[in-house]
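Some notes on the structure that comes next.
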Amino acid sequence: MIDKKTLLRIAEIARLKLGEQEQEEFQRELAQMLEFFSKINEIEAKGEELYYVREKANVLRKDSAKKSGRDEKIRALFTKQEDGCMIAPKSL
Amino acid sequence: MTIKQFFSHLFEKGVQENLEQKISAIEKREKEIGAFISLDIENARRRAKELEARKKKEGLGRLHGLVVAIKDNLCVQGLRCTSASKMLENYVAPYNAAVVERVLAEDGIIIGKTNMDEFACGSDTAKSAIKVTRNPIDLTRVPGGSSGGSAAAVAAGFCDLAIGSDTGGSIRCPASFCGVVGFKPSYGTVSRYGFSDLAMSFDQIGPFSKNVFGAALLYGVLAGEDYRDSTTAGTEGKEFEKTILEKEEKKLVVGIPKEFEGCDEKVAKPVWLALKKLGEFYEIREVSMPLLNYAIPVYYLNTYAEFSSAMQKYDGLKYGFPWEEGLDLVEAVSEARNASFGKEVKRRILLGTYITTKECRDAWYSKTLRARDLMRKDFQRVFSEVDLIAGPTMPVLPWKIGERMEDPIQMYLADIMTVPANLAGIPAGSVNCGFSEKLPVGIQFMANWGDDEKILRAMKKVEEFGK
Chain A
1 MIDKKTLLRI
11 AEIARLKLGE
21 QEQEEFQREL
31 AQMLEFFSKI
41 NEIEAKGEEL
51 YYVREKANVL
61 RKDSAKKSGR
71 DEKIRALFTK
81 QEDGCMIAPK
91 SL
Chain S
1 MTIKQFFSHL
11 FEKGVQENLE
21 QKISAIEKRE
31 KEIGAFISLD
41 IENARRRAKE
51 LEARKKKEGL
61 GRLHGLVVAI
71 KDNLCVQGLR
81 CTSASKMLEN
91 YVAPYNAAVV
101 ERVLAEDGII
111 IGKTNMDEFA
121 CGSDTAKSAI
131 KVTRNPIDLT
141 RVPGGSSGGS
151 AAAVAAGFCD
161 LAIGSDTGGS
171 IRCPASFCGV
181 VGFKPSYGTV
191 SRYGFSDLAM
201 SFDQIGPFSK
211 NVFGAALLYG
221 VLAGEDYRDS
231 TTAGTEGKEF
241 EKTILEKEEK
251 KLVVGIPKEF
261 EGCDEKVAKP
271 VWLALKKLGE
281 FYEIREVSMP
291 LLNYAIPVYY
301 LNTYAEFSSA
311 MQKYDGLKYG
321 FPWEEGLDLV
331 EAVSEARNAS
341 FGKEVKRRIL
351 LGTYITTKEC
361 RDAWYSKTLR
371 ARDLMRKDFQ
381 RVFSEVDLIA
391 GPTMPVLPWK
401 IGERMEDPIQ
411 MYLADIMTVP
421 ANLAGIPAGS
431 VNCGFSEKLP
441 VGIQFMANWG
451 DDEKILRAMK
461 KVEEFGK
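In order, the protein sequences belong to chains A and S.
According to the numbering used here, the stretch in the first sequence is residues 1 to 92, in order.
According to the numbering used here, the stretch in the second sequence is residues 1 to 467, in order.
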């Protein structure tokens, strides 16, 4: 059901750089799992609504800025940083 | 019955002595059980001293200095919050989760953070990237999961109460396996602010305790509206430990789905026995819910989609697994993610990504959303006839550590009894109803959305005639 090309495409979208062995394992496993899950095709659900968490109106709040007072704690978690800025790899 | 009877040690010996009792249990057995990822003994002692002093002057809040353990996917300011993943091994929470704020506001003492399956993906805590947790009742067996550390900590007497999260049974499964009480409240009654989500439309935070009283007490403290989690709008926490003691207005009706018949006989026996005794108080009748046969595929497909999306925030840049120099953005993020996530996490991300691609969305994702809505409606149909649905919490006894690791489908089938409640967003709880081969067996009750008290009451009945 999932060929290698498809697996590599979804791995790319999911931002996972799979190793060679993992590619083989996942290709086999995911196919088995989807076969098991295809059981849902037995359910007659045409015309049914899509599930939504709660039948409730939107909950709104004031769009106002507040100081969290946590800036330093959050910055301290950055994997790499310089002068209080987060460093990211080049994107272009 | 009052809190003084259920937590007598605390009231006889005081807050500090009660904490010391837990610490000495931890010193004795934590090495072999492995319930905690982080312990915070020093702060707990400081706080116990402060509460003891305050008790004499002005009295304490509803938790009276009870010792509470917190699952490691909930933020406790200043402590690591790993979700049992290498990705977050060094993440130190910069703030408190809403449930942690509430525990502290009612004078609970936080003792530490408990082990779990990585990002809550599992039913035995064996998928933790940090450590192994063993079942305190039988050290060769798993404690259940994903909140296995929380259940084990309560069972071993390392704390009075614990908090876990339940996306498809992650509170009820370990409660059943460790012989304690675990409760998953109605969806949207406990704020998830400060919680590392698995699947947003399923996740619910809830309590563990050795007795129903403690679970009801803690649930009442945790529940209620919080503007930071809009699903809680309009809800309120009550003193459930008191309201469930009030006289019942009518005889409750308990339905047993005939689809639950396929359980292991060793599990089924104590459960049917408990239901027979319960029949002296409640009316018991059989119901039929054929859609339950599809619960596993519908549950997993839905949660894969939400999980793959929830995991996108872990890129190794803002925090987490360090990225390598010399790579471009996509390569660096993809390598960091692949190197730090465990196999089950990757499996779920890949499947979730697949079923939500443009080509697969209609055949897979939309179909599961429609099927989920059908299941919710089916529960509503049954709850127009009965107050509660009962059956075993788990279809099998706790398995040996190392078993059920390789075949994901076998692994998922253990969740057959617990996932339906999360699919429908309804409350469910597990309480011990006996032992089989010296291993604990839990009975599960489900009720309609908002009928959490009916479950707590039924669990209390089982607890009472078990004595």
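Where a beta carbon is used, it is the ideal one built from N, C-alpha and C, also for glycine.
Mind the definition here: the segment 158-167 of chain S touches the segment 200-215 of chain S only if three or more C-beta pairs lie below 8 Å; say whether that holds. yes
Note the first and the last residue of the continuous alpha helix (DSSP H) segment covering Cys433(S). For the purposes of this step, residue 433(S) is taken as residue 433 along the second sequence, with counting starting at 1. It is not in any alpha helix (DSSP H) - Cys433(S) instead sits in the beta strand (DSSP E) that spans Ala428 to Ser436.
Can you give me, in chain order, the residues of the segment 2-32 of chain A that have a beta carbon less than 9 Å from any beta carbon in chain S? Ile2, Thr6, Leu7, Arg9, Ile10, Ala11, Glu12, Ile13, Ala14, Arg15, Leu16, Lys17, Leu18, Gly19, Glu22, Glu25, Phe26, Glu29, Leu30 and Gln32
N- and C-terminal bounds of the beta strand (DSSP E) containing Phe445(S): Reading the second sequence from its first residue, position 445 is the one you call residue 445(S). Counting along the chain, the beta strand (DSSP E) containing Phe445(S) begins and ends at Leu439 to Ala447.
Runs of 3 residues minimum, wholly inside the segment 324-356 of chain S: which ones carry the beta strand (DSSP E) assignment? none
Our contact map puts Phe190(S) next to Val99(S) with C-beta atoms below 8 Å; I'd like the distance itself, whole angstroms only. Position 190 of the second sequence holds residue 190(S). Position 99 of the second sequence holds residue 99(S). Here residue 190(S) is Val; the residue named in the question, Phe, does not match the sequence. Taking C-beta atoms under 8 Å as the contact rule, Val190(S) and Val99(S) qualify, at a distance of about 7 Å.
List the residues of chain A whose Cβ lies closer than 7 Å to the Cβ of Tyr95(S), in chain order. Counted from its first residue, the second sequence places residue 95(S) at position 95. Ordered by position in chain A, the residues that pass the 7 Å Cβ test against Tyr95(S) are Arg70.
Straight-line CA distance for Leu104(S) to Thr6(A)? On the second sequence, residue 104(S) is found 104 positions in, with the first residue counted as 1. On the first sequence, residue 6(A) is found 6 positions in, with the first residue counted as 1. So the alpha carbons of these two residues sit roughly 49 Å apart.
DSSP state of Ala363(S) mapped onto helix, strand, coil: Within the second sequence, residue 363(S) is the residue found at index 363, counting from 1. In this structure, Ala363(S) counts as helix in the three-state DSSP scheme.
In terms of residues, what are the limits of the alpha helix (DSSP H) holding Ala458(S)? Within the second sequence, the letter at position 458 stands for residue 458(S). From DSSP, the alpha helix (DSSP H) with Ala458(S) extends over Asp452 to Phe465.
Is Lys85(A) buried or exposed, if buried means 16 or more other CB atoms sit within 10 Å of its CB? Position 85 of the first sequence, counted from the start, is the residue given in the question as residue 85(A). Reading the sequence as shown, one finds Cys at residue 85(A) and not Lys. Counting Cβ neighbours within 10 Å, Cys85(A) comes out exposed, since fewer than 16 surround it.
For Cys263(S), the three-state DSSP class (helix, strand or coil): As a first step, residue 263(S) must be located in the second sequence, where it is residue number 263. Coil.
Using a Cβ-Cβ distance cut-off of 7 Å, determine whether Lys505(S) contacts chain A. Residue 505(S) is absent from the model: chain S starts at 1 and stops at 467.
Hey, Ile171(S) and Gly182(S): beta-carbon distance below 7 Å or not? Along the second sequence, read from residue 1 onward, the residue named residue 171(S) stands at position 171. Along the second sequence, read from residue 1 onward, the residue named residue 182(S) stands at position 182. Yes, Cβ-Cβ distance for Ile171(S) and Gly182(S) is below 7 Å.
Whole-angstrom Cβ separation of Ala371(S) and Val298(S), contact assumed at under 8 Å? Counted from its first residue, the second sequence places residue 371(S) at position 371. Counted from its first residue, the second sequence places residue 298(S) at position 298. Indeed, because the Cβ distance is near 5 Å, the residues count as touching under 8 Å.
Among Leu66(S), Ile37(S) and Glu30(S), which one has its Cα closest to the Cα of Gln16(S)? Locating residue 16(S) in the second sequence gives position 16, where the first residue counts as 1. Cα-wise, what sits closest to Gln16(S) is Leu66(S).
If contacts are defined as beta-carbon pairs under 8 Å, then Ala471(S) and Gln77(S) qualify, I think. What distance do you get, rounded to the angstrom? Nothing can be reported for residue 471(S): it is not among the residues displayed for chain S, which extend from 1 to 467.
Rounded straight-line distance, which links the Cα of Asn73(S) to that of Asp71(A): The residue given as residue 71(A) occupies position 71 in the first sequence. The residue given as residue 73(S) occupies position 73 in the second sequence. Whole-angstrom Cα-Cα distance: 22 Å.
Who does Phe208(S) pair with in a DSSP beta bridge? Within the second sequence, numbered from 1, the residue matching residue 208(S) stands at position 208. Under DSSP, the beta-bridge partners assigned to Phe208(S) are Ala162(S) and Gly182(S).
Against chain S, does Ser91(A) count as a neighbour if the rule is that its beta carbon must be under 7 Å from one of theirs? As a first step, residue 91(A) is located in the first sequence; it is residue number 91 there, counting from the start. Closer than 7 Å: yes.
Are Asp117(S) and Ser146(S) touching if we call contact CB-CB under 7 Å? Sequence index remark: in the second sequence, residue 117(S) carries index 117 (1-based). Sequence index remark: in the second sequence, residue 146(S) carries index 146 (1-based). Against a cut-off of 7 Å, the Cβ pair of Ser146(S) and Asp117(S) comes out as a contact.
Between Phe307(S), Trp449(S) and Gly61(S), which has its C-alpha nearest Leu218(S)'s C-alpha? Walking along the second sequence from the start, residue 218(S) turns up at place 218. With distances taken between Cα atoms, Leu218(S) lies closest to Gly61(S).
Closest Cα partner of Ile472(S) within the set Glu464(S), Pro392(S), Thr393(S) and Phe383(S): Past the boundaries of the shown model lies residue 472(S); chain S is included only from 1 to 467, so the question cannot be answered.
May I ask which residues mark the beginning and end of the alpha helix (DSSP H) holding Gly148(S)? Here residue 148(S) refers to the residue found at position 148 when the second sequence is read from its first residue. Per DSSP, Gly148(S) belongs to the alpha helix (DSSP H) from Gly148 to Ala155.
Within chain A, partners of Pro420(S) - CB distance below 7 Å: Counted from its first residue, the second sequence places residue 420(S) at position 420. By Cβ distance, chain A contributes nothing, its closest Cβ being about 13 Å from Pro420(S), past 7 Å.
Does the CB of Ala332(S) have a neighbour CB from chain A at under 7 Å? Residue mapping note: residue 332(S) aligns to position 332 of the second sequence, counting from 1. Closer than 7 Å to some Cβ of chain A, the Cβ of Ala332(S) qualifies, so yes.
Which complete alpha helix (DSSP H) runs does the segment 83-114 of chain S hold, if anything under 4 residues is left out? Correct list: 98-105.
Less than 7 Å between CB atoms is the rule here; does Glu344(S) satisfy it with respect to chain A? Working through the second sequence from its first residue, we reach residue 344(S) at position 344. No, because no Cβ of chain A sits closer than 7 Å to the Cβ of Glu344(S).
So which residues on chain A does Asp328(S) lean against when the C-beta distance must stay under 9 Å? Translated into the one-based positions of the second sequence, residue 328(S) becomes position 328. Going along chain A in sequence order, the residues near Asp328(S) (Cβ under 9 Å) are Pro89, Lys90, Ser91 and Leu92.
Determine, for Glu35(A), whether the minimum Cβ-Cβ distance to residues of chain S falls below 7 Å. Mapped onto the first sequence, residue 35(A) falls at position 35. Glu35(A) does not count as touching chain S.
Could you tell me whether the Cβ atoms of Glu306(S) and Met200(S) are closer together than 7 Å? For the purposes of this step, residue 306(S) is taken as residue 306 along the second sequence, with counting starting at 1. For the purposes of this step, residue 200(S) is taken as residue 200 along the second sequence, with counting starting at 1. Yes, these two residues count as a Cβ contact at 7 Å.
For Ala458(S), which of Trp449(S), Val441(S), Ala428(S) and Phe11(S) has the nearest alpha-carbon? Position 458 of the second sequence, counted from the first residue, corresponds to residue 458(S). Distances from the CA of Ala458(S) to each of Trp449(S), Val441(S), Ala428(S) and Phe11(S) were compared; the closest alpha carbon is that of Ala428(S).
Do you know offhand how far Ser196(S)'s Cα is from Tyr52(A)'s? Stepping through the second sequence from its first residue, residue 196(S) is reached at position 196. Stepping through the first sequence from its first residue, residue 52(A) is reached at position 52. Rounded to the nearest angstrom, the two C-alpha atoms are 21 Å apart.
Which ranges does the alpha helix (DSSP H) cover as unbroken runs of at least 4 residues, wholly within the segment 363-410 of chain S, from first to last along the chain? 367-383
How is Phe78(A) classed by DSSP in three states: helix, strand or coil? Looking up residue 78(A) in the first sequence gives position 78. In the structure shown, Phe78(A) sits in coil (DSSP, three-state: anything other than H, G, I, E or B).
Is there contact here, the segment 237-249 of chain S with the segment 262-270 of chain S, by at least three beta-carbon pairs under 8 Å? With contact defined as three or more Cβ pairs closer than 8 Å, the segment 237-249 of chain S and the segment 262-270 of chain S are not in contact.
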